[in-house]
Each structure stands twice: as C-alpha cells, then as structure tokens.
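Below: the structure, in structure tokens.
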Amino acid sequence: MEFNSQTEQLNSQMENICFIEIFSKIYVISKTHINENWKKTFQEKLDAIWNTIKNEPLEQIGNYWELLGDIINDNLSEKWYENDCEQSILLYYMDYNYDFVNQKPRLVNNKHITEKYESFINYKSEEYEYLYEEETEEERREERREIEIERARCRSNS
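Be aware that the sequence shown starts at 119, since it is given in the numbering used here, and climbs by one per residue.
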C-alpha cells in the first residue's frame with residue numbers, strides 16, 4: 119500500500135511540474151509573439167494565474183489545468199489554426215493533456231478545446247499523408263528515370 123501511495127504522490131508532483139513547464143511555454147509565447155489577434159485580456163488572465171501559482175505550494179498547482187484550458191479556449195481567435203502562436207499555445211496545452219492511446223483528454227475535458235485539437239491533429243495527419251503520397255510518387259518517377267537512363271546507356275555501349 120505504501121508503494122501505491124508514493125507512486126500517486128510522485129505522479130501528482132510530475133503533473134504539477136508539467137503544469138509549470140507548459141504554463142511557462144504558453145506564457146512566454148503570449149508575451150513575446152503578441153499581435154493584434156491576441157486579446158489583452160488573455161495576457162491579463164495569464165498574469166493573474168502566474169501571480170497566484172507562484173505563491174502556491176507545488177501540490178496545489180495542478181489544480182489550474184482546467185482554468186488554463188478555459189482561458190485558452192476563450193481567447194483563441196476564430197482563425198486560430200492560421201496563427202502559429204495560437205497553434206503553439208493550444209498544442210502545448212493539449213499535447214500534455216491528451217491521451218493518444220485512448221484518444222481522449224487525460225486531465226481536463228474541455229469539450230471546445232478538445233474538438234479544436236482533434237480537428238487540427240486530423241487535418242495535419244491528412245496533410246502529412248498527402249505529402250507522403252506525393253513524395254512517394256515522385257520517388258517512383260525518379261527511380262524510373264534512372265532505370266531508363268541506365269538502359270539507354272547500356273544500349274549505346276553495345
């Protein structure tokens with residue numbers, strides 16, 4: 119039983135540390151890559167979370183996952199997927215929060231942000247699949263050209 123208790127405690131600490139890491143990345147992006155698409159209130163809300171968590175004991179920090187997800191969702195622009203900064207913020211948040219094996223949120227289920235994330239991942243998967251197919255077809259054409267060149271060389275030598 120003691121082992122399970124220690125494991126749970128370590129998992130909780132890791133989750134809290136991960137929150138700080140993810141929050142820090144989001145905070146830096148919002149401060150350094152600000153543009154007209156970002157609302158001032160987004161930064162103000164991040165500042166409010168930061169001012170709160172920097173005084174919290176480590177054990178309490180993981181409780182802010184849901185609040186951070188709500189703030190991100192509420193402040194993404196309508197065309198967030200066209201903005202690298204907004205994409206990065208959503209991806210940093212969800213990459214840690216998403217369970218790829220079971221394909222569902224791991225920590226917090228914010229329906230809106232989960233739907234955005236899943237649609238973005240599906241879009242990117244289709245885009246990569248298309249690029250891979252295109253690349254593969256180009257490789258096949260290149261191999262056929264090389265074979266034809268080699269055949270022509272052999273014919274001219276004989």
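Just so it is clear, CB atoms sit at the ideal spot from N, CA and C, and this is done for glycine as well. Treat the numbers as computed from the prediction; the structure is a model and nothing was measured.
- Per DSSP, reduced to three states, the secondary structure at S130 is helical.
- One Cα belongs to E236, the other to E184, and the distance between them is close to 18 Å.
- Counting the other Cβ atoms within 10 Å of the Cβ of Y182 gives 16 or more, which makes it buried.
- When the Cα atoms are used, Y248 and Q178 turn out to be separated by approximately 44 Å.
- By the C-beta criterion, the stretch 242-262 is judged not to be in contact with the stretch 188-206, since fewer than 3 inter-stretch pairs fall below 8 Å.
- The continuous alpha helix (DSSP H) containing N169 extends over residues 158-171.
- With respect to the 8 Å criterion, L176 and N134 are classified as neighbours on the basis of their beta carbons.
- Between Y199 and F238, the beta carbon gap of about 6 Å places them in contact (Cβ cut-off 8 Å).
- In this structure S148 is buried. Its beta-carbon is surrounded by 16 or more other beta-carbon atoms within 10 angstroms.
- Taking all protein chains in view, the Cβ of I267 is surrounded by fewer than 16 other Cβ atoms within 10 Å, so the residue is classified as exposed.
- Of the candidates V146, L186, N173, R259, L186 places its Cα closest to the Cα of Y214.
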